[in-house]
Structure formats: structure tokens, C-alpha cells
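In my numbering, the protein residues as written are 56 to 214.
Note that beta-carbon positions come from the ideal geometry of N, C-alpha and C, so glycine has one too.
As the structure is a prediction and not an experimental result, all values here were calculated from the model.
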């Protein structure tokens, strides 16, 4: 049985339509650019938290002091609502990297605030420590830690 030229033309048209559809679904250049962010660590003074925009969300990078590190490492994990040791949340003790979205209703917490000196969400009263762990208030979970890497001593890449 021979396939007519109409069937072959229809197959090419269908393939072209599917290719165009799939092409329109792939990420555009501006979306791909937001997929990763490179941060120069020397721009963040010790004891400060800096906010960046990443994938449409606030990204908190905190340069922790020796006192903050010691305090967070000393917290009894059994007392936490979402139990996670500090060293499970950081790759290098002096750098905390978390997504700045409250796990209660998606508000943006304030850095260097609250009863535990970490982050405070004034909308509903959630308090996070300097490891981004929920310590008080309605939030059920710790602030999310995204994928990140230190390609060299002075650079952080998130994403």
C-alpha cells in the first residue's frame, strides 16, 4: 500500500507543529539567566544579611559571626519544631544561604530581627534563628536551603 503525498505532508506539518509547541515551552534566555546567581562574598560584611532576588524570590545570604555560629551549634535539636542541626543547613559555618519566604503563608521575614536574632516575620509572628530554623510562631518548617556551591573562596553560586 502506498502512502499518498497528502499523508506525508500531514506528518511533516504535525512534526512542525509539535516542534514549535515544545520550543515555546523551553526556557527563554532571561529565565535561564535567573536560574543561577553568582555572589561575590567579600561584599557581605560579617554579621550582616544581604537579600538578593533569585527565581522571583528573596534569597538571604548571611555572613555569620563566630558567636552566631557557636549559638546555633549549641541549640538542642530535640527542642526544634523542624529538627535540623546547624551543620545540616550550612556548607561553611560562616555562610547561611536560605530562601527568604516564611513557611507559614509565604511572607518575607525581616533579617537580623526577632527573639532569636535571625529572621522575624511580622505578618503572623514567626521567629527564625540565625540558622533559618523556626523557633516560635505559626510557621511549620525551617526556611528552605537552596542548592548552592562555593567554586572558590570568594564566590557563591546558588542554583
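Distance, Cα to Cα, residue i vs residue j?
i, j, result
"residue 183", "residue 206", "28 Å"
"residue 178", "residue 147", "31 Å"
"residue 166", "residue 133", "25 Å"
"residue 125", "residue 119", "10 Å"
"residue 130", "residue 155", "22 Å"
"residue 99", "residue 176", "22 Å"
"residue 121", "residue 102", "9 Å"
"residue 150", "residue 106", "13 Å"
"residue 194", "residue 153", "15 Å"
"residue 116", "residue 169", "17 Å"
"residue 190", "residue 164", "13 Å"
"residue 162", "residue 198", "11 Å"
"residue 104", "residue 160", "22 Å"
Ordered along the chain, which non-local residues of its own chain (more than five positions away) have a Cβ less than 6 Å from that of residue i?
i, result
"residue 204", "212"
"residue 144", "186, 200"
"residue 172", "185"
"residue 123", "185"
Under 8 Å by Cβ, that's how I've got residue i and residue j pegged, so tell me the actual separation to the nearest angstrom.
i, j, result
"residue 141", "residue 127", "4 Å"
"residue 192", "residue 174", "With a Cβ gap of about 11 Å, residue 192 and residue 174 do not count as contacting."
"residue 158", "residue 196", "4 Å"
Please decide whether residue i counts as near chain C, where near means a Cβ-Cβ distance under 8 Å.
i, result
"residue 163", "Within the model displayed, chain C is absent; a lone protein chain is all it includes."
From the DSSP secondary-structure annotation, give me the bridge partner or partners of residue i.
i, result
"residue 191", "182"
"residue 117", "104, 151"
"residue 95", "210"
Spatial neighbours of residue i within its chain, please: C-beta separation below 8 Å, excluding the five flanking residues on both sides.
i, result
"residue 97", "209"
"residue 214", "90, 91, 92, 109, 110, 201, 202, 203"
"residue 180", "191, 192, 193"
"residue 112", "154, 155, 156"
Counting only the same chain and skipping the five closest in sequence on each side, list residues whose C-beta sits under 7 Å from that of residue i.
i, result
"residue 95", "209, 210"
"residue 135", "188"
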